[in-house]
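In the numbering used here, the protein residues as written are 8 to 277.
C-beta: ideal position from N, C-alpha, C; glycine also.
Only one structure is covered here, and it is reproduced in the block below.
Here's what the structure looks like:
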């Protein structure tokens, strides 16, 4: 009976908490959009954006960024979602920890980027990684075999060293991705100095250096970002549409699991 009463009490608390969040959501006039962790897919982010678009009273978005980067496709997909959302309402990004590589790509279309003074910005470049596990397989007596059609069908295989022709092909491929990344940064940020040797050589930058390069707009706290957004959106008393604490923890666990079990060979902006 004691445990039953405790269970009933927990259910009541959860229901009251959920109703409280729903009531606040219905009154919301600004939204928080989260871009955190490795970027391996865009579905969760898309759901956040769709929720914001479906709310009739949202006048602006605070994009909270703390991402080291990730896959090319997912980063570009998120960048496109932000760009489309920016066409309907102002977006101010605040960098909590990192806005690097694919994380930078994804968030760079915000109307304004504000980073705290300890943030890590940049790492603009492309890397394609893989393993050669042939020596290990030889040692334990495992010998892969395959049939293929198409000269480059097994390009990047981990079961042997890559040929010179394959390396050349892959280098050209990532160079093409790199040029796309660079061009998009130059256009999105309207850089005064578009020399990629300065801002797109894979280096990470402090907030102070990123500000000089034009990669961010201001160094400041999240409170400052909220103030900027409120002024742009003309909101005096912000009421936030954001993830519940429960959903936030679920998403973080999900991102951690995806990072652990992601493919060990993938092209990424990281």
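At which residues does the beta strand (DSSP E) containing residue 232 begin and terminate? No beta strand (DSSP E) holds residue 232; the alpha helix (DSSP H) holding it covers 229–240.
Which class does residue 166 belong to by DSSP, given the choice of helix, strand or coil? coil
Relative to the C-alpha of residue 80, which residue among 109, 105, 104 is closest? 109
Residue 123 to residue 208, Cα distance in whole Å? 23 Å
Are there three or more Cβ pairs, one per stretch, closer than 8 Å when the region 192–201 is compared with the region 61–81? no
Given residue 310 as reference, the closest of 114, 132, 48 once Cα atoms are compared: Absent from the model: residue 310. The displayed extent of the chain is 8 to 277, so no value can be given.
Report the rounded CA-to-CA distance for residue 249 versus residue 43, giving the unit in angstroms. 14 Å
Closer than 7 Å to a non-hydrogen atom of the ligand NAP - does that hold for the CB of residue 196? Only the bare structure without any ligand can be found here, which leaves the ligand NAP out of the picture.
Going by beta-carbon coordinates alone, are residue 85 and residue 49 separated by less than 8 Å? yes
Pairwise C-alpha distance: residue 243 and residue 184: 43 Å
When the Cα of residue 247 is compared with those of 113, 52, 107, 59, which residue comes out closest? 59
Quick one: Cα of residue 158 to Cα of residue 146, how far? 28 Å
Residues near residue 55 in its chain [Cβ-Cβ closer than 6 Å; skip 5 each side]: 40
Assigned exposure category for residue 61 - 16 Cβ within 10 Å defines buried: exposed
Residue 129 bridges to which residues according to DSSP? 107, 211
Buried or exposed: residue 164, going by 16 or more other Cβ atoms within 10 Å of its Cβ? buried
If I'm right that residue 89 touches residue 114 with Cβ under 8 Å, what's the distance once you round it to whole angstroms? 7 Å
Can you list, in chain order, the residues of its chain whose CB lies under 7 Å from that of residue 65, leaving out five sequence neighbours each side? 35, 36, 37, 38, 59, 96, 248
Tell me which residue opens and which closes the alpha helix (DSSP H) that residue 81 is part of. 79–93
Assuming contact is defined by CB atoms lying nearer than 8 Å, are residue 102 and residue 69 in contact in what I supplied? no
What does the alpha-carbon distance come out to for the pair residue 229 and residue 241? 18 Å
Could you tell me the boundaries of the alpha helix (DSSP H) in which residue 185 lies? 171–196
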